[in-house]
Amino acid sequence: MSLRGGYSHAARDAVRLQEAFGLGCYQYFSKNPRGLSVKLGYEDEAEAAREVCERHGIQTVVHTPYPTNLAVDAEQAPDRFQATVQSLLNDLMIAEACGSIGVVVHFGIFKGKTGGEQLLLRTYGNIIRTIDTVLAVWNGRALLLLENQAGSHGGLGVTLEELIQIRQLSRYSDKIGYCFDTCHAFASGLWDPYKTEELIAKGHELGYWRHMQVIHLNDSREVYASRQDRHANLGDGHIGIEELARLAMAEGIRGKPLILETPGSGQYGHVPEWNRLKQAVRAKNK
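With the UniProt record's numbering, letter number 8 in the sequence shown gets 8, and the count goes up by one each step, no holes.
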């Protein structure tokens, strides 16, 4: 959802979409998505948005700005580390003020080409350090939602085990949840649509779905295990509408907020995609 006009304007737009098409949730950037600058003076706008969404039963989730990297090294890049921590705290405060579920953040970027396992372990340590530095001073209800990745940023965050382990190793696991991106899962090789039941069972076994708060429901323009993060409209990519519907309706997943991050269809936006998804869900429920 575009923030042009402010948080409350986005909320009112969501109400119009709810009345016309049944929208029940939306995602928004907390601030300028191109930088880590802290946003001030948001309180009145956020409160107005929260009141609108609560009155109409609309759920919301925040996405962090693109430069946010949980794997930033506090020792090698102290200024960047502090900017990242302050930006994430700002995101959580905005999410709380808007009444949002939490803040979606990508798992982290690994740029090392040398150093092997030792450097990789240091990178995981950096992620935990960033998370714990932020959450040590955060006492709100909004959660930090770790998103699985497609594999194009050094291969981090592509398995459920990684996501589970980072949460367990944090001192503040109760403040952490997950966002599951279907395109990323497909591109990384985590989710083979022909083996959806295996993914669902594994997620239950690890306790992943229990803490998963939101789904980014996206098709993929690239083939399975390509490690390329290129979203396609639902039904127009290599995953297919039937398997997206199967996953969305699975036990433990059904009923969670579904967010589209797809190109859309011009003047019709995401409406054709939602209609396809509804038809696929109805077909599976017959």
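All C-beta atoms, glycine included, are put in the ideal place defined by N, C-alpha and C.
The criterion of a C-beta distance shorter than 8 Å is satisfied by valine 105 and leucine 144. Per DSSP, the beta bridge partners of histidine 231 are Ser220. Non-local C-beta neighbours of histidine 211 in its own chain, meaning closer than 6 Å and more than five positions away in sequence, comprise Gly177, Tyr178, ordered along the chain. DSSP links aspartate 132 through a beta bridge to no other residue.
Look at the segment 33-81 and you find these whole runs of alpha helix (DSSP H), each 4 residues long or longer: 43-56. In this model, alanine 248 and threonine 64 are separated by some 24 Å (Cα to Cα). In the displayed model, histidine 211 falls within a helix according to three-state DSSP.
Contact between the segment 156-173 and the segment 235-247 is absent: fewer than three C-beta pairs spanning the two stretches fall below 8 Å.
Contact annotation, threonine 130 with valine 72: C-beta distance approximately 6 Å; criterion of less than 8 Å satisfied. Two segments are said to touch when three or more pairs of C-beta atoms, one from each, lie closer than 8 Å; by this definition the segment 145-165 does not touch the segment 74-92. Taking C-alpha positions only, glutamate 43 is separated from glycine 255 by approximately 30 Å.
Note that the segment 115-135 does not touch the segment 22-37; fewer than 3 beta-carbon pairs, one per stretch, sit closer than 8 Å.
DSSP places isoleucine 166 within a helical segment (H, G or I) once states are collapsed to three. For isoleucine 253, there is no enclosing beta strand (DSSP E), as DSSP gives it neither H nor E.
Burial is judged here by how many other beta carbons sit within 10 angstroms of a residue's own beta carbon; valine 214 has at least 16 and is buried.
In the displayed model, histidine 204 falls within a helix according to three-state DSSP. For histidine 106, the beta-bridge partners assigned by DSSP are Glu147.
A direct Cα-to-Cα measurement between glycine 203 and aspartate 229 gives close to 22 Å.
In the DSSP assignment, aspartate 181 falls within the unbroken beta strand (DSSP E) covering 176-181. Serine 220 sits away from glycine 235, with the two beta carbons spaced by 8 Å or more. Annotation: leucine 160 to proline 78 spans about 30 Å, alpha carbon to alpha carbon. Listed as beta-bridge partners of cysteine 25 by DSSP are Gln59. DSSP places isoleucine 259 in the strand class (E or B) of the three-state scheme.
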